[in-house]
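Novice: Protein chains in written order, with our numbering: chain L, 3 to 646; chain S, 2 to 221.
For every residue, glycine included, the Cβ atom is placed at its ideal position computed from N, Cα and C.
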Amino acid sequence: MARSSGNRILLWLTALALPFLLIAMLELGLRNAPGVPPQFQLREADFIESHVETPRELPATGWQHTQLPRVVPVAGTRPSSAWFRVPFTVRDAGDEPWAVYLQRPYSNVVLYINGAKIGDGGAMTRPYPMHRAPLLVGFPAKLLRPGTNLFELRSVHAYQSPRLGVAAIGPRAQLLPAHEFTRGFAVTTKQVSAIVLAVLATLFGALWWLRRQDAAYGWFSLGLFSWAAHIQIMLVPRPPFGSEVLWQHLQGIAIGVFALTSALFVNRYTGLRQPRIERVLIALWAAGAAVLLVDPILLGYRFPRFGYLVWIPMLTLISAYTVFTLLRSLARGLTAEVAVLGAAGWLVLVVSVRDTVIELDWLEGRLFLAYTVGFVLCGVAAALLLRFARAFHAAERARDELDERVRQKTAELELNLVRVKDLERERALNSERERILQDMHDGLGGHLVQALAIATSRETLKPVEEPLRACLDELRLMVDSLEPVNGDLASVLGSLRPRISRRLALAGVVIRWQIDDLPLVPDLGPRQVLDVTRVVQEAITNALKHSACRSITVRARLVQASDGIEIMVEDDGRGLDAPAAGGHGLASMRRRAASLGGSLEILAAAPGTRVMLWLPAGRAVNKNADAGQAPDRVGHTAAAGEHG
Amino acid sequence: MDATPAAKLNVFLVEDDAATRDSLRARIEAHPRLRVGAAHGTAAEGIAALAARPDVLLVDLGLPDGNGIDVIRAALRRYADLPIMVITVFGNEKRVIAAIQAGASGYLLKDDPTHELGAAIELLMEGGSPISPAIARHLIRHFQEHGDPQPAAPRETLTARELEVLALATKGFSYSEIAQLLGLSTNTVASYTKHIYEKLAVGSRSEAIYEASRLGLLER
Numbered sequence: 003m004a005r006s007s008g009n010r011i012l013l014w015l016t017a018l019a020l021p022f023l024l025i026a027m028l029e030l031g032l033r034n035a036p037g038v039p040p041q042f043q044l045r046e047a048d049f050i051e052s053h054v055e056t057p058r059e060l061p062a063t064g065w066q067h068t069q070l071p072r073v074v075p076v077a078g079t080r081p082s083s084a085w086f087r088v089p090f091t092v093r094d095a096g097d098e099p100w101a102v103y104l105q106r107p108y109s110n111v112v113l114y115i116n117g118a119k120i121g122d123g124g125a126m127t128r129p130y131p132m133h134r135a136p137l138l139v140g141f142p143a144k145l146l147r148p149g150t151n152l153f154e155l156r157s158v159h160a161y162q163s164p165r166l167g168v169a170a171i172g173p174r175a176q177l178l179p180a181h182e183f184t185r186g187f188a189v190t191t192k193q194v195s196a197i198v199l200a201v202l203a204t205l206f207g208a209l210w211w212l213r214r215q216d217a218a219y220g221w222f223s224l225g226l227f228s229w230a231a232h233i234q235i236m237l238v239p240r241p242p243f244g245s246e247v248l249w250q251h252l253q254g255i256a257i258g259v260f261a262l263t264s265a266l267f268v269n270r271y272t273g274l275r276q277p278r279i280e281r282v283l284i285a286l287w288a289a290g291a292a293v294l295l296v297d298p299i300l301l302g303y304r305f306p307r308f309g310y311l312v313w314i315p316m317l318t319l320i321s322a323y324t325v326f327t328l329l330r331s332l333a334r335g336l337t338a339e340v341a342v343l344g345a346a347g348w349l350v351l352v353v354s355v356r357d358t359v360i361e362l363d364w365l366e367g368r369l370f371l372a373y374t375v376g377f378v379l380c381g382v383a384a385a386l387l388l389r390f391a392r393a394f395h396a397a398e399r400a401r402d403e404l405d406e407r408v409r410q411k412t413a414e415l416e417l418n419l420v421r422v423k424d425l426e427r428e429r430a431l432n433s434e435r436e437r438i439l440q441d442m443h444d445g446l447g448g449h450l451v452q453a454l455a456i457a458t459s460r461e462t463l464k465p466v467e468e469p470l471r472a473c474l475d476e477l478r479l480m481v482d483s484l485e486p487v488n489g490d491l492a493s494v495l496g497s498l499r500p501r502i503s504r505r506l507a508l509a510g511v512v513i514r515w516q517i518d519d520l521p522l523v524p525d526l527g528p529r530q531v532l533d534v535t536r537v538v539q540e541a542i543t544n545a546l547k548h549s550a551c552r553s554i555t556v557r558a559r560l561v562q563a564s565d566g567i568e569i570m571v572e573d574d575g576r577g578l579d580a581p582a583a584g585g586h587g588l589a590s591m592r593r594r595a596a597s598l599g600g601s602l603e604i605l606a607a608a609p610g611t612r613v614m615l616w617l618p619a620g621r622a623v624n625k626n627a628d629a630g631q632a633p634d635r636v637g638h639t640a641a642a643g644e645h646g
Numbered sequence: 002m003d004a005t006p007a008a009k010l011n012v013f014l015v016e017d018d019a020a021t022r023d024s025l026r027a028r029i030e031a032h033p034r035l036r037v038g039a040a041h042g043t044a045a046e047g048i049a050a051l052a053a054r055p056d057v058l059l060v061d062l063g064l065p066d067g068n069g070i071d072v073i074r075a076a077l078r079r080y081a082d083l084p085i086m087v088i089t090v091f092g093n094e095k096r097v098i099a100a101i102q103a104g105a106s107g108y109l110l111k112d113d114p115t116h117e118l119g120a121a122i123e124l125l126m127e128g129g130s131p132i133s134p135a136i137a138r139h140l141i142r143h144f145q146e147h148g149d150p151q152p153a154a155p156r157e158t159l160t161a162r163e164l165e166v167l168a169l170a171t172k173g174f175s176y177s178e179i180a181q182l183l184g185l186s187t188n189t190v191a192s193y194t195k196h197i198y199e200k201l202a203v204g205s206r207s208e209a210i211y212e213a214s215r216l217g218l219l220e221r
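Structure representation (structure tokens):
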């Protein structure tokens with residue numbers, strides 16, 4: 003717990019420190035970058051605010067001395083214009099070409115060496131170019147004279163103040179490394195960034211086109227496009243149309259699009275959509291953009307510009323809302339994706355603020371925002387990869403779960419089907435049993451009783467009485483065996499007793515009835531019931547017929563040792579030597595015992611005979627004795643009844 | 002005929018088969034304490050004959066003009082405490098149990114010899130009910146499981162002792178053996194079985210009493 007919260011704090015600190023680490027890294031890298039040789043850098047200058055076209059027209063007085071770099075605060079009309087004058091000393095110019103290096107002119111410039119124009123940043127006509135990239139203006143060494151020379155520069159800006167930033171004069175070859183590095187830094191990197199952003203924007207646009215339901219990707223694509231557009235606009239010095247102000251505002255609008263689409267993207271990506279707030283944001287953006295577009299027409303070059311007074315608070319509001327959404331998402335639990343996105347957003351925010359400060363000339367430095375593109379893209383790519391991976395996992399899990407559920411349902415269905423079949427079979431069996439019982443009762447049974455009644459009422463029919471009674475007993479045995487017993491073997495024996503008690507009473511034989519509690523025997527069907535009953539009944543019949551006994555003991559008990567049920571019929575008669583004991587009846591008893599999966603033993607008791615039927619407790623009875631289908635059991639029973 | 006006919010129990014017999022009816026009548030009359038007051042072959046005749054109160058009613062269930070259970074119901078409407086026995090071939094079929102639920106207190110086998118038949122009737126008159134293993138098994142199932150044919154009727158439960166008696170009965174033990182095994186008197190066991198029968202038939206009995214009161218028979 004403590005460790006995990008510790009890890010979390012560390013993670014937070016890393017994410018928060020990331021932008022500063024990046025800035026520090028870039029600054030460190032720049033320290034070793036090829037710079038302007040110090041002996042060629044211009045340190046101080048005289049300047050004057052003036053709109054004259056050539057140095058010859060400049061007034062002699064009114065100049066001010068300043069350290070460089072310098073922004074000339076101009077309260078007057080726009081475009082602003084100022085002249086800088088820098089004397090510099092040359093001992094030996096040599097023959098190689100020289101150059102003036104301006105690291106970031108920002109405004110448009112015209113350059114003079116000793117009164118001769120050596121070059122410019124473009125024609126001094128509207129719309130004025132605005133140079134964010136370095137300028138290296140070469141001139142032949144012969145323009146220089148030993149001793150003091152004069153460098154003059156006119157700086158013109160359409161709507162801001164004129165300035166002279168980092169500047170150097172020296173042999174071209176010695177200034178070239180710094181120029182190339184800075185150019186690469188300020189231009190090439192941004193161009194590459196813009197191209198990468200545009201390509202990615204196209205890819206995400208395609209992704210959105212293919213999956214319209216994921217509007218997040220559409221907004222993200224638009225955001226990337228707007229960032230690419232923003233970079234591209236900054237890279238073009240002279241506006242190809244409209245005024246410089248409008249051009250600048252287009253760049254602002256592009257940033258606004260990025261801010262807006264970021265908010266919409268984050269809302270959708272985190273699943274925390276707020277459609278009403280989104281509509282308000284879009285309306286705000288549209289209104290602000292309209293102001294930015296109309297502002298240059300209405301207000302011309304005046305500065306500070308009204309449009310930005312609206313635009314900057316609005317961008318702040320939208321960005322704050324995006325941060326708010328990310329925080330809401332965090333409150334619901336920090337997912338890796340949101341963390342990565344949040345870190346990327348934080349990086350852009352910090353670097354943007356720093357770049358803005360530099361753009362406003364509050365600090366001297368280079369612009370880094372373009373370098374965050376790689377990090378932001380890595381972050382977004384990581385977030386998307388995480389999301390894809392999660393989607394794949396989720397899909398796989400869902401598939402597995404579905405498979406599992408289908409398997410379960412199939413198993414349930416199969417089980418239900420088996421149950422339904424069992425129930426149907428059971429019901430069919432029951433109704434069949436009912437029908438047979440009804441038929442026997444109303445038909446055969448009734449007729450037998452009737453015949454018996456007639457036989458007993460007439461002395462001449464007396465010999466028929468006993469066979470008829472035997473028939474009725476036999477019928478009862480079969481009817482009893484059809485009764486469902488639910489595995490209760492004790493009650494099977496119980497049902498047998500009333501049927502034998504009359505014959506025993508007539509023979510004057512006492513019965514000792516000892517039935518223990520017996521475990522339930524599963525699937526004790528009619529066939530098994532009939533087999534058990536017949537074996538016991540046969541044993542009793544044999545004892546009555548042959549043993550001349552006075553008592554018979556019937557005992558049933560569970561034998562733990564052999565895991566079976568033992569049913570014993572014991573008489574106190576003559577014993578085993580009786581000739582009929584090994585006859586047909588005995589073989590039939592053994593066969594039935596075997597069919598029950600049990601065994602039959604006939605032992606000499608003292609005195610008398612003991613018949614022991616052993617049955618396996620548990621499922622063995624069913625397994626060994628009744629492999630057939632349940633409806634057949636009725637047939638088996640009937641057949642067994644006929645044989646018996 | 003005996004010298005003391007008033008002491009003999011008046012048995013009503015409803016059995017459709019003439020030969021069986023005669024045989025039963027002969028066997029009942031052979032018993033010293035029983036006489037047959039009326040013997041009929043149809044439900045209608047039997048119900049009509051119930052105008053006079055018998056001591057015991059013996060009813061066959063399959064009658065040509067209706068069900069023996071109708072006779073039982075009619076008899077109970079008139080005499081709520083009349084001992085009724087069902088005459089049957091097997092003694093364990095569904096109809097016997099239905100008859101017990103309708104209010105019959107026991108059953109007789111159609112081919113029972115005189116002494117068994119007489120013993121069963123005497124047992125009934127003394128307040129006991131004969132209980133075969135098959136019927137005991139059915140009763141246990143009935144009281145333990147669902148499937149009450151009359152869900153609206155109050156459902157009685159058996160006491161532990163009553164269940165013990167039934168469990169022993171399913172194993173084929175006789176009254177006296179059960180009494181001995183449980184350390185009770187035979188009479189106590191008999192009264193247990195009677196209670197069990199009453200609990201099984203409680204719906205029908207109370208229904209019969211309600212119907213009787215509705216018909217104004219009890220007010221008279």
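Could you pull out every unbroken alpha helix (DSSP H) segment of at least 4 residues lying fully inside the region 4-55 of chain L, listed in chain order?
Specialist: Listed in chain order, they are 4-33.
Novice: Using a Cβ distance threshold of 8 Å, determine whether the region 421-428 of chain L contacts the region 373-382 of chain L, with at least three qualifying pairs required.
Specialist: With the cut-off at 8 Å, the region 421-428 of chain L and the region 373-382 of chain L do not touch.
Novice: Could you tell me which uninterrupted alpha helix (DSSP H) segments, each at least 4 residues in length, are contained entirely in the region 43-113 of chain S, listed from first to last along the chain?
Specialist: Segments of the alpha helix (DSSP H) lying fully in the region 43-113 of chain S: 44-50, 69-79 and 95-103.
Novice: Tell me the DSSP secondary structure of Q250(L) in three-state form.
Specialist: Three-state DSSP puts Q250(L) in a helix.
Novice: Buried or exposed: which applies to W211(L), given that a residue is buried once 16 or more other Cβ atoms fall within 10 Å of its Cβ?
Specialist: Counting Cβ neighbours within 10 Å, W211(L) comes out exposed, since fewer than 16 surround it.
Novice: I need the boundaries of the beta strand (DSSP E) containing P89(L), first residue and last residue.
Specialist: P89(L) -> beta strand (DSSP E) spans S82 to V92.
Novice: Does K172(S) pass the burial test, meaning 16 or more other C-beta atoms within 10 Å, or should it be called exposed?
Specialist: Buried, since its Cβ has 16 or more Cβ neighbours within 10 Å.
Novice: Can you confirm whether the region 46-56 of chain S touches the region 72-86 of chain S when touching is taken to mean that 3 or more C-beta pairs between the two stretches lie within less than 8 Å?
Specialist: Contact holds: three or more Cβ-Cβ distances are below 8 Å.
Novice: Taking beta-carbon pairs under 7 Å, can you tell me which members of the region 163-184 of chain S lie near chain L?
Specialist: Those residues of the region 163-184 of chain S that come within reach of chain L (Cβ to Cβ, closer than 7 Å) are T171, K172, G173, F174 and E178.
Novice: Measuring CA to CA, which of T68(L), G37(L) and R106(L) is closest to Q176(L)?
Specialist: When only C-alpha atoms are compared, the closest one is G37(L).
Novice: Please go through the same chain and pick out, in chain order, the residues whose beta-carbon is closer than 6 Å to the beta-carbon of L388(L), but skip the five residues on each side of it.
Specialist: Closer than 6 Å at the Cβ level, and outside the excluded window around L388(L), lie A338 and E339.
Novice: So what's R106(L) in DSSP terms, helix, strand or just coil?
Specialist: It is coil, neither helix nor strand.
Novice: Looking only at C-alpha atoms, which of A40(S), N11(S), L125(S) and L201(S) sits nearest to V190(S)?
Specialist: Nearest C-alpha to V190(S): L125(S).
Novice: In the DSSP output, what is H41(S) paired with across the bridge?
Specialist: V15(S).
Novice: Work out the CA separation of F22(L) and A169(L) for me, nearest whole Å.
Specialist: The alpha-carbon atoms of A169(L) and F22(L) are separated by roughly 28 Å.
Novice: Let's test the definition: count the other Cβ atoms within 10 Å of the Cβ of G254(L) and tell me whether it reaches 16, buried, or not, exposed.
Specialist: The residue in question, G254(L), is buried, as its Cβ has 16 or more Cβ neighbours within 10 Å.
Novice: Roughly how many whole angstroms lie between the Cα atoms of P173(L) and I235(L)?
Specialist: Going from the Cα of P173(L) to the Cα of I235(L) covers about 33 Å.
Novice: Could you tell me which residues DSSP pairs with E339(L) in its beta bridges?
Specialist: Note: E339(L) sits in no beta bridge, so no partner.
Novice: Of the residues E117(S), K9(S) and D17(S), which one's Cα is nearest the Cα of G448(L)?
Specialist: Checked all of E117(S), K9(S) and D17(S); the closest Cα to G448(L) is D17(S).
Novice: Please decide whether T43(S) counts as near chain L, where near means a Cβ-Cβ distance under 7 Å.
Specialist: No, T43(S) does not count as interfacial toward chain L.
Novice: Looking only at its chain, what residues have a beta carbon closer than 6 Å to the beta carbon of F227(L), apart from the 5 residues adjacent to it on each side?
Specialist: Counting only Cβ-Cβ distances below 6 Å, and skipping sequence neighbours, we find A203.
Novice: Just grab the DSSP bridge partners of A606(L) for me.
Specialist: Its beta-bridge partners are T611(L).
Novice: State the start and end residues of the unbroken alpha helix (DSSP H) segment that holds H159(L).
Specialist: From DSSP, H159(L) is part of no alpha helix (DSSP H) but of the beta strand (DSSP E) over G149 to H159.
Novice: Could you tell me which of L301(L), D297(L), T327(L) and V325(L) sits nearest to W313(L), measuring between CA atoms?
Specialist: With distances taken between Cα atoms, W313(L) lies closest to D297(L).
Novice: Out of G63(S), A121(S) and R78(S), point me to the one whose CA is closest to I29(S)'s CA.
Specialist: The option with the nearest alpha carbon to I29(S) is A121(S).
Novice: Can you look up L274(L) in the DSSP assignment and give me helix, strand or coil?
Specialist: Of the three classes helix, strand and coil, the one that applies to L274(L) here is coil, per DSSP.
Novice: Would you report the Cα separation of H32(S) and P618(L), rounded to the nearest angstrom?
Specialist: So the alpha carbons of these two residues sit roughly 47 Å apart.
Novice: Below 8 Å, how does it come out for the region 114-123 of chain L and the region 29-45 of chain L: are there three or more Cβ pairs, yes or no?
Specialist: Verdict: no, contact absent.
Novice: When the Cα of L231(S) is compared with those of E127(S), H196(S), L10(S) and V90(S), which residue comes out closest?
Specialist: Nothing can be reported for residue 231(S): it is not among the residues displayed for chain S, which extend from 2 to 221.
Novice: Which residues in chain L have a C-beta closer than 8 Å to the C-beta of P114(S)? List them in chain order.
Specialist: In chain order: R504.
Novice: Listing by chain order, which chain L residues have their CB less than 9 Å from the CB of S24(S)?
Specialist: Here the neighbours are V451, Q452, L454, A455, I456, T458 and S459.
Novice: Cβ of G447(L) less than 7 Å from any chain S Cβ?
Specialist: Yes, its Cβ sits closer than 7 Å to a Cβ of chain S.
Novice: Taking the C-alpha atoms as reference points, what is the distance between R214(L) and A208(L)?
Specialist: So the two alpha carbons sit approximately 10 Å from each other.
Novice: How is L560(L) classed by DSSP in three states: helix, strand or coil?
Specialist: Of the three classes helix, strand and coil, the one that applies to L560(L) here is strand, per DSSP.
Novice: So, for G489(L): in the same chain, excluding its five sequence neighbours on each side, which residues have a beta-carbon less than 6 Å away from its beta-carbon?
Specialist: Counting only Cβ-Cβ distances below 6 Å, and skipping sequence neighbours, we find L522, V523, P524 and L526.
Novice: Could you tell me if N544(L) is buried or exposed, where buried requires 16 or more neighbouring beta carbons within 10 angstroms of its beta carbon?
Specialist: By the neighbour-count rule (16 or more Cβ atoms within 10 Å), N544(L) is buried.
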